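Working notes, structure below.
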Amino acid sequence: MTADDPTWAAATRQVRAGYTAGVAQNTVTVPIYQSAAYEFENFQTARDIFALRRTGNLYSRTGNPTNTVLEQRVASLDGGLGALATASGQSAVAVALLALARTGQHIVASAKLYGGTVDLLDDTFADFGIGVTFVDPGDVAAWRAATTDATRAWFVESIGNPTASLPDLAALAGAAHELDVPLVVDNTVATPALLRPLDFGADIVVYSATKFLGGHGSSLGGVIVDGGRFDFGARPERWTQFTRRSARFGLTFLTDIDGSHYLAYAKAKLAHDLGPALSPFNAFLLVQGVETLDLRVRRHTESALAVAEHLAGHPAVTVVHHAGLPTHPDFRIGQRDFPHGTGSVFAFDLAADDDEVGPFIDRLRLFTLAANIGDVRSLVVHPATTTHSRFTAAQREAAGITLRTIRLSIGLEDPRDLINDLDAALAAIQLQEAVA
Ligand SMILES: Cc1ncc(COP(=O)(O)O)c(C=O)c1O
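Residues in the sequence shown are numbered from 792 upward in steps of one, following my numbering.
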């Protein structure tokens, strides 16, 4: 039984890719290799692995056999050259971008991103001397205009959190490449079950595996996938981390490394130095999640559309930000690029006053108030006071969020129960308004 086969369908690869039973103990399911270190065969092998002359397990900060299965499986589902698993989505985004942009350089990013990513780019990257310009993800001219000679990445979410904005990925990839910039896509909300960014010309894909890949809300994790097609050698002076000989490693990543030189650099330098290692136990749980990815995502997506359609017809709701609704500005992109639907994380605005958001959320019985998405359970959160709480009013406006915006992540419960729960909470605040 081979570990992967390009002719297999996604449903086969999500269960099989990256693992061959019998490698170690004949276990059918992926074993948890709970080991910090690895015994080297001999002195020379240790030396060669450390010098990157030979691949092999070195120390679990830079690689672990259980994590490797997760990496290969996600890379296979995305059609990528390889992947690197990290401890969280946040570290995946950080490492993916730090491998491209260094002090004095610059990133152009969508203004419609998960709040934690904005914190990272706007605050911590500023501390590192990396500039970031935020633009409307739908305005390709704005991406071009924000790009300077120092720009080393464009960063966008394929389904924006929380207003479900959909960028035109093919148009963005084309424009980025004209400017010699790689396109990095956070595909957390879509997952490869709904969209494969590499198929649209993106170069690097990142995930918070904590969400739909794992799917059960139990384990943090992140994955970076390299498509392997961005030509860092075309303008070598722009990518000296790959094209110049590294004194530290004694090699040139672009020419001396087989496979992804981008990931080899990210792993040998950033994963090694910064230490955002994924625990093998979490990798095991995330692999279990990936094995049912398409089934879960299909159900999440169908239920979310049913809930969104219901809310769109409710008098206590002013707007529903779900790209499966014809009223959403990116509906056309959804119909074209997302044949299996536009996911299950979306937001809506209450017609009530700002101070009724709290009572509405507290009245929900089935939705769990939690700052997460992509769980089997349905979750609710108020972005302006939690996930996006550090946004200024201008940042909120650019992200399409108001003080009355509520984000839902639709789980696997029966959608009729979810609708009943929302209806009961909406009716309660309507009643309160009528009395007042
Ligand atoms: C789209 C997106 N990217 C990245 C992250 C960060 O992932 P993690 O929480 O696994 O660090 C999140 C978390 O909510 C997210 O929603």
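Every residue gets a Cβ at the ideal spot worked out from N, C-alpha and C, and that includes glycine.
This one's a predicted model, so the numbers in the text were calculated from it and none came from an experiment.
Top-ranked residue by Cα proximity to Gln825, from Ser851, Gly873, Lys1060, Gly1006: As a working mapping, residue 825 is identified with position 34 in the sequence shown. When only C-alpha atoms are compared, the closest one is Ser851.
heavy atom of ligand 1 below 7 Å from Glu948 C-beta: Locating residue 948 in the sequence shown gives position 157, where the first residue counts as 1. Yes, the beta carbon of Glu948 sits closer than 7 Å to at least one heavy atom of ligand 1.
Proximal residues to Ala966 (C-beta, below 7 Å), its chain only, five neighbours per side dropped: Here residue 966 refers to the residue found at position 175 of the sequence shown. Closer than 7 Å at Cβ, skipping near neighbours: Val931, Trp934, Arg935.
Option nearest Ile1048 by Cα separation, candidates His897, Gly1066, Phe1033: What you label residue 1048 is simply residue 257 of the sequence shown in a count that begins at 1. Closest option to Ile1048, Cα to Cα, is Phe1033.
Heavy atom of ligand 1 within 7 Å of Ile1164 beta-carbon: Counting from one through the sequence shown, the residue named residue 1164 turns up at place 373. The answer is yes for Ile1164.
Given 8 Å, three or more beta-carbon pairs between the stretch 935-953 and the stretch 895-905: yes
Strand pairing of Leu1042, partner residues [DSSP]: Here residue 1042 corresponds to residue number 251 of the sequence shown, with the count starting at 1. In DSSP, Leu1042 forms a bridge with Ser1037.
Of the residues Asp971, Ala984, Val926, the one placed nearest Leu956, counting alpha carbons only: Indexing the sequence shown from 1 puts residue 956 at position 165. According to the sequence shown, residue 956 is Ser rather than Leu. Closest option to Ser956, Cα to Cα, is Val926.
Check: Gly880 C-beta below 7 Å from any heavy atom of ligand 1: Taking the sequence shown and counting its residues from 1, one reaches residue 880 at position 89. Yes, ligand 1 has a heavy atom inside 7 Å of this Cβ.
At least 3 beta-carbon pairs within less than 8 Å: the stretch 1088-1101 vs the stretch 1194-1210: Touching, yes.
Reduced DSSP secondary structure (H/G/I, E/B, other) of Glu832: In the sequence shown, the residue the question calls residue 832 occupies position 41. Glu832 falls in the coil class under three-state DSSP.
At least three beta-carbon pairs within less than 8 Å, the stretch 1067-1075 to the stretch 1168-1180: no
Buried versus exposed call for Pro1117 [16 or more other C-beta atoms within 10 Å across all chains shown]: By 1-based counting over the sequence shown, the position of residue 1117 is 326. The residue is exposed, with fewer than 16 neighbouring Cβ atoms inside 10 Å.
Backbone CA spacing between Gly1165 and Ala1138 [nearest angstrom]: Position 374 of the sequence shown holds residue 1165. Position 347 of the sequence shown holds residue 1138. Looking at the two C-alpha atoms, the distance is approximately 14 Å.
The stretch 1103-1118 / the stretch 995-1003 touching (three or more Cβ pairs under 8 Å): no
Near ligand 1: Gly1115 beta-carbon under 7 Å from a heavy atom: The residue given as residue 1115 occupies position 324 in the sequence shown. False, no ligand heavy atom lies under 7 Å from that Cβ.
Beta-bridge partners of Phe925, as assigned by DSSP: Numbered from 1 along the sequence shown, position 134 holds the residue referred to as residue 925. Paired residues: Ala900.
Residue nearest to Thr1183 in terms of C-alpha spacing, selected from Gly871, Asp910, Asn1073: Against the sequence shown, residue 1183 aligns to sequence position 392. Per the Cα distances, Asp910.
Cross-strand partners of His1112 (DSSP beta bridge): Along the sequence shown, read from residue 1 onward, the residue named residue 1112 stands at position 321. Looking at the DSSP assignment, His1112 forms a beta bridge with Ala1138.
Paired residues, beta bridge with Tyr850 - DSSP: The sequence position of residue 850 within the sequence shown is 59, counting from 1. DSSP lists Ala828 as partners of Tyr850.
Three-pair Cβ contact test at 8 Å for the stretch 869-888 versus the stretch 1011-1019: A contact exists between the stretch 869-888 and the stretch 1011-1019.
beta-carbon Ser999 near ligand 1 non-hydrogen atom, thresh 7 Å: Taking the first residue of the sequence shown as position 1, residue 999 is located at position 208. Result yes, Cβ under 7 Å from ligand 1.
Nearest-angstrom Cβ-Cβ length linking Tyr905 and Thr1178, presumed shorter than 8 Å: To locate residue 905, count along the sequence shown from 1; it is residue 114. To locate residue 1178, count along the sequence shown from 1; it is residue 387. Yes, Tyr905 and Thr1178 are in contact; Cβ-Cβ is about 7 Å, under 8 Å.
Leu1011: CB within 7 Å of a non-hydrogen atom of ligand 1: Sequence index remark: in the sequence shown, residue 1011 carries index 220 (1-based). It does: the Cβ of Leu1011 is within 7 Å (strictly closer) of some heavy atom of ligand 1.
Where the beta strand (DSSP E) through Leu875 begins and ends: Numbered from 1 along the sequence shown, position 84 holds the residue referred to as residue 875. Per DSSP, Leu875 belongs to the beta strand (DSSP E) from 873-877.
Option nearest Lys903 by Cα separation, candidates Asp977, Asn855, Asn952, Gly873: What you label residue 903 is simply residue 112 of the sequence shown in a count that begins at 1. Out of Asp977, Asn855, Asn952, Gly873, Asn952 has the C-alpha closest to the C-alpha of Lys903.
As assigned by DSSP and simplified to three states, the class of Ile1015: Here residue 1015 refers to the residue found at position 224 of the sequence shown. Reduced to three states, the DSSP call for Ile1015 is strand.
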